[in-house]
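Notes for the one structure printed next.
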Amino acid sequence: MSRSIPSGSLSGNKSINMMPESFDEPALLQGTHAGRNKLAIMQPYFLPYLGYFQLINAVDLFVVYDNIKYTKKGWINRNRFLLNGKDALFTIPIAASSDFLDVSQKSLANDYTKESGHILARIRQAYRKAPQFGQIYPVIESIFTHDNRNLFGFIFHAIRTIVQLLDITTELIVSSSLDIDHQSKGVLKVLAICQKLQADTYINPIGGIELYAGQDFRASGVNLYFHNMEVVAYRQAGTEFISHLSIIDVLMFNSLPQVKAMLQQFKLLEPADIIHTGEPKTE
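Each residue of the sequence shown is one higher than the last, beginning at 207 in our numbering.
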């Protein structure tokens, strides 16, 4: 079973020296590129949930895939927000095209300006009484009215805008800019990116805990961890708290200092196949 590492133990000061001292696995490697060795890779998601930004904040380099296939009914161009006490879906309309195109080859729909106006109206209706509406709505409006009509460019701008708003210093990298074999798949592609960027620690969202084996990463000199967001409850407009909504909801109901504190509320889990030797260390 995976072991939990204290919340946020790899965030804040991003030097590898922040690694917990209680590890008893000799195969875990010490960083050789201090301050520039923790890496995460994700698909582009439009105004995703808090955990996405926790993950960005926990690493030194965050790679966003642009050369991956667009998936219908995924979270690339849609998300949930709170409307009348219930979760509701908003979707960024995209132009009709082949189902086999990469995200970077997709475009927003011709009627996007009209449709985005409808979405913004719903957001205003949902959050007009939220405590941070006056400060946050202009930011959200600027994201929706950004003039880049390429789907990836539009989403990447939104991610970068929120990262800057939260004073996250992590470097954002577009995957196609890396000189690797982009035809490789799965763990081979992840390890190729780690090698190219000289990363010795890779942090993956908890959803991939059944996909990646620690031994595969250790064999290539990379430590593997899984990011698991703690449910961070806060006062919403409804009577029952709804988690994992778009970052819009978090920002509307919490001050920026509060949201920045929430970036630290997660656990890192070791891969389940890790082998421990010797007696456990005691404090």
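Idealized CB from N, CA, C, for every residue including glycine.
Pop quiz: residue 377 and residue 267 are said to be a contact at Cβ under 8 angstroms. What is the actual Cβ separation, rounded to whole angstroms?
That belief holds up - the Cβ atoms of residue 377 and residue 267 are roughly 5 angstroms apart, short of 8 angstroms.
Sheet register partners of residue 363 (DSSP bridge):
According to DSSP, residue 363 bridges with nothing at all.
By DSSP, does residue 305 sit in helix, in strand, or in coil?
In the three-state reduction of the DSSP assignment, residue 305 falls in the coil class.
Cut-off 7 angstroms between Cβ atoms - residues of its own chain near residue 234, not counting five sequence neighbours on either side
Residue placement at residue 234 is flagged as unreliable, the pLDDT there being 34, under the threshold of 50; the coordinate-derived value follows with that caveat. Excluding sequence positions up to five before and after residue 234, its CB lies within less than 7 angstroms of the CB of 429, all in the same chain and listed in chain order.
Just how far apart, CA to CA, sit residue 270 and residue 262?
If you take the alpha carbons of residue 270 and residue 262, they lie about 10 angstroms apart.
Determine the extent of the alpha helix (DSSP H) in which residue 321 is found, giving its start and end residues.
It spans 318 to 333 - the alpha helix (DSSP H) in which residue 321 sits, taken as one unbroken run.
To the nearest angstrom, report how far apart residue 404 and residue 394 are at their CA atoms.
Counting only the Cα atoms, residue 394 lies some 15 angstroms from residue 404.
To which residues of the same chain is residue 422 closer than 7 angstroms at the C-beta, ignoring the five residues directly before and after it?
Listed in chain order, the non-local C-beta contacts of residue 422 below 7 angstroms within the same chain comprise 393, local neighbours out to five positions each way being set aside.
Does the Cβ of residue 469 have 16 or more other Cβ atoms within 10 Å, making it buried, or fewer, making it exposed?
Here residue 469 is buried: its Cβ has 16 or more other Cβ atoms, across all protein chains shown, within 10 Å.
Option in 440, 286, 426, 257 with minimal Cα separation from residue 452:
The residue among 440, 286, 426, 257 with its C-alpha nearest the C-alpha of residue 452 is 286.
CB contact flag (residue 298, residue 284, <8 angstroms)
Residue 298 is a Cβ neighbour of residue 284, given a cutoff of 8 angstroms.
Is the beta carbon of residue 358 less than 8 angstroms from the beta carbon of residue 250?
A contact, by the Cβ cut-off of 8 angstroms.
Taking just the CA atoms, how far does residue 399 sit from residue 391?
If I take the Cα positions, the gap works out to 11 angstroms.
Please go through the same chain and pick out, in chain order, the residues whose beta-carbon is closer than 6 angstroms to the beta-carbon of residue 460, but skip the five residues on each side of it.
Apart from sequence neighbours up to five positions away, the residues of its chain that approach residue 460 with a beta-carbon distance below 6 angstroms are 440, ordered along the chain.
For residue 432, three-class secondary structure by DSSP:
Residue state for residue 432 is assigned as strand, using DSSP reduced to three classes.
May I ask you to list the residues that DSSP assigns as paired with residue 313?
Residue pairing for residue 313: DSSP places it in a beta bridge opposite 356.
For the alpha helix (DSSP H) containing residue 286, name the first residue and the last one.
No alpha helix (DSSP H) holds residue 286; the beta strand (DSSP E) holding it covers 284 to 289.
Taking Cβ positions, are residue 366 and residue 314 nearer each other than 8 angstroms?
No.
Leaving out five residues on either side along the sequence, give the residues of the same chain with a beta carbon under 6 angstroms from the beta carbon of residue 336.
Same-chain partners within the cutoff: 458, 459.
What first and last residue would you give for the alpha helix (DSSP H) that runs through residue 262?
That run of the alpha helix (DSSP H) goes 256 to 264.
Name the two residues that bound the continuous beta strand (DSSP E) containing residue 270.
Here the beta strand (DSSP E) through residue 270 covers 267 to 270.
Assumed close pair residue 316, residue 301 - CB separation to whole angstroms, cut-off 8 angstroms
Confirmed, about 6 angstroms.
Could you tell me how far apart the beta carbons of residue 272 and residue 380 are, in whole angstroms, since I believe they sit closer than 8 angstroms?
Their Cβ separation, rounded to whole angstroms, is 5 angstroms, which keeps residue 272 and residue 380 in contact under 8 angstroms.
What is the DSSP secondary structure of residue 293, reduced to helix, strand or coil?
Three-state result, residue 293: strand.
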